Amino acid sequence: MLLDNDDERILAGEEGETKQKMLELLVALGKVFGAERLVPIASAQVSGASYKTIGKYGLEWLNSLDAKAVVPAVLNPIGMPRTRWQEMGVDPAFAKNQQAVVAAYERLGIGMECTCTPYYLRETKFGEHLAWSESSAVCYANSVIGARTNREGGPGALAAALVGKTPCYGFHLDEKRKPQVVVRVQADTRDWTIADFGALGNHVGKLVGNRIPFFSGLEAAGRDQLKGLGAALAATGAVALYHVEGVTPEALDGSFDLAGLETIAVESEEIRKLFKEIPVEAVAVGCPHCSPAELEEIARLLKGQVVTKPFYVFASQGVIDKNLRTVDAIEKSGARVFADTCMVVSPVMEQYESIMVNSGKALAYVPDMCGAVARIGTIADCVRVGTE
Ligand code: F3S
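Okay, so the sequence shown: first residue is 14 according to our numbering, each after it adds one.
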């Protein structure tokens with residue numbers, strides 16, 4: 014693998030043992046995946062942030078490290094809001110351990126945002142190389158922005174944040190970003206909501222696995238709809254990049270050669286089947302974390318209403334801070350807007366037997382991660398059910 018003088022100095026231990034070990038890890042990863050070189054990254058997003066996931070030994074390992082991130086980096090959602098955890102009903106013993114994990118990352122210079130939507134906090138540009146971990150964030154970065162990242166594991170993303178580089182293989186390379194299967198959507202999608210796109214992703218992910226789908230027939234796909242589509246594709250398949258004809262940046266000019274690719278046709282009835290009207294105990298919106306536009310829609314629909322069930326909304330702290338009036342309007346109804354966590358990673362959600370979501374990803378994950386039955390509906394359906 015081609016290494017420059019800076020890399021050699023780090024490998025010789027001249028910038029400390031932690032950086033040396035981190036670069037060794039990146040080089041080892043690069044060798045496994047056939048990378049010829051490292052590539053500088055613009056930002057990192059680091060998973061392995063919930064105490065529920067990394068536990069005592071993960072925390073001990075983090076505390077043993079001694080270096081600082083050299084690029085902007087954020088954490089994945091953790092098991093609780095950093096500030097309002099008592100209000101969410103988080104167990105104090107869990108909170109103590111979770112705070113220790115966050116403090117360990119803060120000491121390493123990782124930005125104190127815990128979100129799967131880092132693209133709302135810092136502009137991420139077309140063609141930038143990244144080292145992001147969370148599957149929906151990876152899918153959004155690659156597909157909707159046209160940035161370049163593999164789906165990093167927690168240690169790989171942390172190593173990249175501390176070194177400022179990642180091995181150049183997979184989605185960093187032009188030839189690994191071409192469509193591998195065509196998905197023809199045979200439905201009028203002009204009025205489709207985020208939930209419809211999420212349900213489509215939930216369905217198609219199971220059909221395409223880890224291949225790169227090229228969608229045709231998807232009209233009026235806005236960025237929030239695409240966010241929901243990619244999150245669900247990554248959840249039920251292992252999709253890290255998809256293209257939408259005439260919409261996503263690498264599929265605007267019709268230059269992909271689709272000849273010989275398998276074509277899968279999807280009808281709207283297949284998607285509608287996922288919208289089952291079962292009774293629920295709680296409602297949770299914001300998977301992936303809400304955009305400002307989603308917060309506004311929730312506030313508009315909840316105006317003058319009072320929620321009759323626990324109603325959770327999840328967004329990054331940065332988005333909440335910039336939309337405080339909207340957040341206040343939502344909370345007037347009794348709903349709660351929490352940062353840093355979500356309906357899947359917070360142990361608090363395990364108290365419910367059934368949860369309504371507007372996300373194709375949460376529809377897939379809530380049963381396994383929270384042990385609850387999940388129902389999908391639009392944001393308007395969530396508000397109707399949450400206030401009836
Ligand atoms: Fe984000 Fe949690 Fe969904 S991490 S994508 S809100 S499962």
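For glycine and all other residues, C-beta sits at the position ideal for the given N, C-alpha and C.
Bear in mind the structure is a predicted one, so any value in this text is a computation, not a measurement.
inquiry  = Quick check on this structure: which residue in L315, P53 and T130 has the alpha carbon closest to the alpha carbon of F327?
reply    = As a first step, residue 327 must be located in the sequence shown, where it is residue number 314. Comparing Cα positions, the closest option is T130.
inquiry  = Here's the rule I'm using: 16 or more other beta-carbon atoms within 10 Å means buried, otherwise exposed. How should T128 be labelled?
reply    = Here residue 128 refers to the residue found at position 115 when the sequence shown is read from its first residue. It is buried - the Cβ of T128 has at least 16 other Cβ atoms within 10 Å.
key: Separation of L24 from Q99, as counted between CA atoms   = Taking the sequence shown and counting its residues from 1, one reaches residue 99 at position 86. Taking the sequence shown and counting its residues from 1, one reaches residue 24 at position 11. Their backbone Cα atoms lie some 44 Å apart in a straight line.
inquiry  = Which residue wins for smallest C-alpha separation from T137, given the options V350, Q58 and A113?
reply    = Along the sequence shown, one-based indexing puts residue 137 at 124. Ranking the options by Cα distance to T137, first place goes to Q58.
query = Taking the runs of the beta strand (DSSP E) that are 3 residues or longer, which of them lie wholly in the region 183 to 213?
reply = 194 to 199
inquiry  = Just to confirm, is the Cβ distance from S67 to G61 under 7 Å?
reply    = As a working note, residue 67 is residue 54 in the sequence shown. As a working note, residue 61 is residue 48 in the sequence shown. Reading off the sequence shown, one finds Ile at residue 67, where the question assumed Ser. It is a contact, given that the beta carbons lie within the stated cut-off.
query = Once you ignore the five residues that flank F324 on each side, which residues in its own chain have a CB closer than 6 Å to its CB?
reply = If you number the sequence shown from 1, residue 324 lands on position 311. So the list reads V296, A348 and G399, once near-sequence residues are dropped.
request  = Could you spell out where the alpha helix (DSSP H) holding M382 opens and where it closes?
outcome  = Numbered from 1 along the sequence shown, position 369 holds the residue referred to as residue 382. M382 -> alpha helix (DSSP H) spans G373 to C383.
task = Drop a sphere of 10 angstroms on the beta-carbon of K374, count the other beta-carbons inside from all chains shown, and report buried for 16 or more, exposed for fewer.
result = Your numbering for residue 374 matches position 361 in the sequence shown. It counts as buried.
ask   = E126 lies in the beta strand (DSSP E); which residues open and close that run?
value = By 1-based counting over the sequence shown, the position of residue 126 is 113. Unbroken beta strand (DSSP E) run through E126: G124 to C127.
query = Would you report the Cα separation of K219 and A377, rounded to the nearest angstrom?
reply = As a first step, residue 219 is located in the sequence shown; it is residue number 206 there, counting from the start. As a first step, residue 377 is located in the sequence shown; it is residue number 364 there, counting from the start. Taking the straight line joining both Cα atoms gives about 11 Å.
inquiry  = For a quick check, are the C-beta atoms of G250 and S372 less than 7 Å apart?
reply    = Taking the sequence shown and counting its residues from 1, the one referred to as residue 250 is at position 237. Taking the sequence shown and counting its residues from 1, the one referred to as residue 372 is at position 359. Cβ distance not < 7 Å, so G250 and S372 don't count as in contact.
ask   = What does W145 pair with, by DSSP beta-bridge criteria?
value = The count along the sequence shown starts at 1 and reaches residue 145 at position 132. Answer is Q58 and R164, bridged to W145.
ask   = Could you check where the beta strand (DSSP E) with T66 kicks off and where it finishes?
value = As a first step, residue 66 must be located in the sequence shown, where it is residue number 53. Taken as a continuous stretch (DSSP letters only), T66 belongs to no beta strand (DSSP E), being part of the alpha helix (DSSP H) at Y64 to N76.
key: Close-in-space but distant-in-sequence residues of the same chain around L265 (CB under 8 Å, 5 per side omitted)   = Taking the first residue of the sequence shown as 1, we reach residue 265 at position 252. G259, listed in sequence order.
request  = Return yes when the C-beta of C8 is under 6 Å from any heavy atom of ligand 1, and no when it is not.
outcome  = A question about residue 8 goes unanswered here, because the residues of the chain that appear run from 14 up to 401.
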